[in-house]
Amino acid sequence: MSIENCSPTGVDINQTGFGYTLSLINGKYKMIIMYWLAEYKPVMRFNELKRCLGTISFKTLSSTLKKMEADQLIIRNEYPQIPPKVEYSLSERGKSLIPILDMMCAWGTANRI
């Protein structure tokens, strides 16, 4: 696939496949959340993710996870118990983005200045 096919000149980037992909993975934490779920622990609870991400606020993590669920990148499983138990995992759609994240990681390692 060439760049011309992915993001042609004169076309709004948001209307291209490239722009759509970027819209799914943009943001400070989305790729990191996906990476944690793919590489370290396939099912994580909210507070586990919060600890792994460090400085993220409760509100930011909550809204990021809601966006990722709406984009069908993650699956949210809520268990009816007290206290409530909610677990997050990658969906098949989310898993399909992992090779792209792996390539970004490899590129960064090879080209780090």
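Going by the UniProt record's numbering, the sequence shown opens with residue 1, and the numbers climb by one from there.
C-beta atoms are modelled at their ideal positions from N, C-alpha and C, and glycine is treated no differently.
Since we're looking at a predicted model, the values are computed, not measured.
Where residue i falls, given that 16 or more other Cβ within 10 Å makes a residue buried
{"i": "Thr21", "result": "exposed"}
{"i": "Ile100", "result": "exposed"}
{"i": "Ala109", "result": "For the record, residue 109 in the displayed sequence is Thr; it is not Ala. Exposed, since its Cβ has fewer than 16 Cβ neighbours within 10 Å."}
{"i": "Ile13", "result": "exposed"}
{"i": "Lys66", "result": "exposed"}
{"i": "Ile33", "result": "buried"}
{"i": "Thr55", "result": "exposed"}
{"i": "Thr9", "result": "exposed"}
{"i": "Lys30", "result": "buried"}
{"i": "Ser2", "result": "Its pLDDT being 48, under 50, Ser2 is placed unreliably in this model, and the coordinates cannot settle the point."}
Quick check for students: name the residue ranges of the beta strand (DSSP E) that lie wholly in the UniProt domain "HTH hxlR-type" (6 to 113), counting only runs of 3 or more. 43 to 45, 74 to 79 and 85 to 90
Check whether the stretch 47 to 60 and the stretch 93 to 111 touch, using three or more Cβ-Cβ pairs below 8 Å as the test. no
Below 8 Å, how does it come out for the stretch 84 to 101 and the stretch 56 to 74: are there three or more Cβ pairs, yes or no? yes
Count Cβ pairs between the stretch 75 to 83 and the stretch 23 to 30 that sit closer than 8 Å; are there 3 or more? no
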